[in-house]
Amino acid sequence: MSERRVMLLGLPETGKSTFIGTLWHFVEEPSIEYVREASLPGERRHAQELAEHVRELTEITRTHHDADERFEVPVEFPGSGTVTLVIPDRSGEQLEGLVQRRVWPELLSEEVAQASAVMLFVHPSVITPPLELHLLPSVPSGEEALEYKNPSACTAAQLIDGLEEVLEAMRDRWPVRVAVVISAFDLADGDTPEQWLDLRLPAIASMLRYDPARVQSTVFGVCAQGGAREDAEEVKQRGDLHERAWARSAGGSDIPFSEPVRWALGWE
Amino acid sequence: MSTPEDTPAPAEEELPGEQLLDEEAVEPEATERREPLITTDQFLTLADTEDLAERHGLTVVLIAGEYESGKTTLLVALWNSLLNHGAITDAHFAGSRTALGFERRAWLARLACRGEKPDTDRTHESENGFLHLRLAAHDRMREVLLSDVAGETFKQVRYGTPFRDKIEWLDSVNVALFLIDGGDFADDGRRSSALSNTRRLIGQLRESGATPTVAVALAKADLITTELREKWSREGQVLLDLAREIDSGAVLLEVTARPPGGEDPAGLQDVLGVILKPPSASAAVFQPMRAERMIGRVT
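If you read the protein sequences in the order shown, they are chains C and Y.
For the first sequence, position 73 matches number 73 in my numbering, and the numbering has no gaps at all.
For the second sequence, position 3 matches number 3 in my numbering, and the numbering has no gaps at all.
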């Protein structure tokens, strides 16, 4: 039962820090038995502060979710083993840099080199679809078309590009397990996580499904805060964080909040 | 290698020496400037694809045609369909090394560009290269390299420059797809030269001795009126007969990559059907020795 490392990846504002904050709350909650703090060295301050923000539905500041410090969270799954969850430094910016500025950030390289598996975060409200021009009835004449820049690429293309780079860098660990985590899944309008990914990011769903020698994947939906920050008072009345946060499997079944991590490690 | 448009130079000398002594003073972006660049995004050369060739073997597709015959628009239509549906019939998307290259070519037909009407940037010879699709079809994984070669290159071939002089990777081509512009065919003043130019291109490939799978595709097929159908059947057959001197199984296709009413493109499944057809015994094989030979630019 050796220590494994799971790397959390995603474009900025896709819910990585919120997930960690909630997971840490579960780790510290005495009534939760399926996940607990691992007896490994490491800084817990960030995790505790994140948990506090998520519990109170207050904004997670840049200092916390994109800190210029290595951010590792060691947790234990009794009977299975321990895992260090890693959010690479300035994690959203790292993936953004990889995709948009075409550089391999050194710190991201280091994390990719050590990672056993990947959790890829997607947020329903932070998706740029590849909408085509003919969908617009009319455009005022005289406007010049904007110039293409890599940040203009649709979300699916950015994720495809980032995944290609990361999977290639993990070639010695193929097939890489990639758990897709859809954050704020309470916004998903009744779809199961698998249906949502097939509908909203079909190329990503297909890419992760049809190359099993390179990548093995499943998809989860999580609601890490239990509701929207704007409705904080109402959400908090639903109970403490471990009572209101939830996670769903690809097919829509309720599962323990930590299950995406277990799956990524092959500890189903 | 391809060169991103706005990649920061990876030069340490851009940073003042005194800042290098003080790590905290170094801007994050400046730190990244010293980190490895990713150079394969806008297009690939064969030299970039040797690992792909090792994994599944490559299917190299030459898309040939005149200026604005719809070569790049066809690439964009394939990309958009895969983005929107994850598959084109039974060809399932499994990855791409050139996602951003596709996006750049798709940009002028995207709502986000705020253009007046869908358009496609012209490909310049300096950008000649490949876009990559990994497709799972018929229980096989295929690494497909789709050429994006400027019309100027084919004009030179049509004028008499040997195909192999302009397309140095010709012997690696598995599938040659000749596009003829349906708009030109529908125009009484341009039909004759459109047919003649396509015949010349096919003839030049025959003269080269290369033996890829061949298809002739009428692009912008929605522009062919009912009255022109019979004419196209007759003229298309002439092109097909010529193509069958290279490949006895050559086929005639019709493609509407960008329907005016915004419907889904038509004919893409037929194009992929030709590309993904199991290779024949005589099919070209990717030759690593040729990998350093590239089209239009040098790494």
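Virtual Cβ for every residue (Gly too), placed ideally from N, Cα, C.
Which chain C residues sit within Cβ distance under 7 Å of residue i?
| i | result |
| --- | --- |
| residue 122 (chain Y) | Chain C residues near residue 122 (chain Y): none, gap ~14 Å exceeds 7 Å. |
What in chain Y is Cβ-close to residue i, meaning under 9 Å?
| i | result |
| --- | --- |
| residue 143 (chain C) | 114, 115 and 116 |
Is the Cβ of residue i closer than 8 Å to any Cβ of chain C?
| i | result |
| --- | --- |
| residue 108 (chain Y) | yes |
| residue 138 (chain Y) | no |
| residue 77 (chain Y) | no |
| residue 151 (chain Y) | no |
| residue 244 (chain Y) | no |
| residue 219 (chain Y) | no |
| residue 87 (chain Y) | yes |
| residue 22 (chain Y) | Reliability fails at residue 22 (chain Y), whose pLDDT of 35 lies under 50, so the model's placement of it is uncertain and the value that follows must be treated cautiously. No, residue 22 (chain Y) does not count as interfacial toward chain C. |
Out of the options, which one is the CA nearest neighbour of residue i?
| i | options | result |
| --- | --- | --- |
| residue 90 (chain Y) | C:120, C:210, C:266 and C:111 | C:210 |
| residue 147 (chain C) | Y:123, Y:104, Y:129 and Y:137 | Y:104 |
| residue 229 (chain C) | C:59, C:212, C:99 and C:109 | C:59 |
| residue 13 (chain C) | C:80, C:102 and C:120 | C:120 |
| residue 256 (chain C) | C:220, C:234, C:233 and C:240 | C:220 |
| residue 161 (chain Y) | Y:221, Y:238, Y:112 and Y:203 | Y:203 |
| residue 61 (chain C) | C:71, C:241 and C:50 | C:50 |
| residue 65 (chain Y) | Y:45, Y:230 and Y:153 | Y:153 |
| residue 10 (chain C) | C:240, C:135 and C:97 | C:97 |
| residue 262 (chain Y) | Y:249, Y:83, Y:117 and Y:190 | Y:117 |
| residue 43 (chain Y) | Y:124, Y:227, Y:166 and Y:190 | Y:124 |
| residue 97 (chain Y) | Y:130, Y:81 and Y:200 | Y:130 |
| residue 94 (chain C) | C:108, C:239, C:145 and C:76 | C:108 |
| residue 240 (chain Y) | Y:74, Y:223 and Y:176 | Y:176 |
| residue 125 (chain C) | C:18, C:183 and C:153 | C:183 |
Kindly indicate which three-state DSSP category residue i falls into: helix, strand or coil?
| i | result |
| --- | --- |
| residue 141 (chain Y) | strand |
| residue 19 (chain C) | helix |
| residue 74 (chain C) | strand |
| residue 7 (chain C) | strand |
| residue 211 (chain C) | coil |
| residue 21 (chain Y) | Residue placement at residue 21 (chain Y) is poorly supported in this model, since its pLDDT is 31, which falls under 50; the coordinates still yield a value, given next. Helix, per DSSP. |
| residue 241 (chain Y) | helix |
| residue 213 (chain Y) | strand |
| residue 84 (chain C) | strand |
| residue 256 (chain Y) | strand |
| residue 274 (chain Y) | helix |
| residue 301 (chain Y) | Nothing can be reported for residue 301 (chain Y): it is not among the residues displayed for chain Y, which extend from 1 to 299. |
| residue 102 (chain C) | coil |
| residue 247 (chain Y) | coil |
| residue 135 (chain Y) | strand |
Taking 8 Å as the CB-CB cut-off, is residue i touching chain Y?
| i | result |
| --- | --- |
| residue 282 (chain C) | In the structure as shown, chain C begins at 1 and stops at 268. Residue 282 (chain C) is therefore absent and cannot be evaluated. |
| residue 207 (chain C) | yes |
| residue 164 (chain C) | yes |
| residue 269 (chain C) | Coverage of chain C is limited to positions 1 through 268, which leaves residue 269 (chain C) absent and any answer about it impossible. |
| residue 146 (chain C) | yes |
| residue 154 (chain C) | yes |
| residue 261 (chain C) | no |
| residue 189 (chain C) | no |
| residue 161 (chain C) | yes |
| residue 135 (chain C) | yes |
| residue 9 (chain C) | no |
| residue 250 (chain C) | no |
| residue 64 (chain C) | Caution applies to residue 64 (chain C), whose pLDDT of 46 falls short of 50 and renders its modelled position unreliable; the value that the coordinates give is listed next. False, the Cβ-Cβ gap to chain Y never drops below 8 Å. |
| residue 20 (chain C) | no |
| residue 67 (chain C) | Caution applies to residue 67 (chain C), whose pLDDT of 46 falls short of 50 and renders its modelled position unreliable; the value that the coordinates give is listed next. False, the Cβ-Cβ gap to chain Y never drops below 8 Å. |
Strictly below 8 Å CB to CB, what residues from chain Y border residue i?
| i | result |
| --- | --- |
| residue 157 (chain C) | 83, 99, 100, 102 and 103 |
| residue 132 (chain C) | 80, 109, 110, 111, 118 and 262 |
| residue 211 (chain C) | 94, 95, 134, 136 and 141 |
Got a sec: is the Cβ-Cβ distance from residue i to anything in chain A below 8 Å?
| i | result |
| --- | --- |
| residue 45 (chain C) | Included in the structure are the protein chains C and Y, with no chain A among them. |
- Item | 3 or more residues per run - each beta strand (DSSP E) lying fully within the segment 162-192 of chain Y | 175-181
- Start-end ranges of the beta strand (DSSP E) lying completely within the segment 38-122 of chain Y, minimum 3 residues: 58-64 and 91-95
- Message: Restricting to runs no shorter than 4 residues, where is the alpha helix (DSSP H) found entirely within the segment 135-205 of chain C?
- Response: 155-169 and 193-200
- Which whole runs of the alpha helix (DSSP H) in the segment 213-266 of chain C are 4 residues long or more, in chain order? 232-236, 241-244 and 259-264
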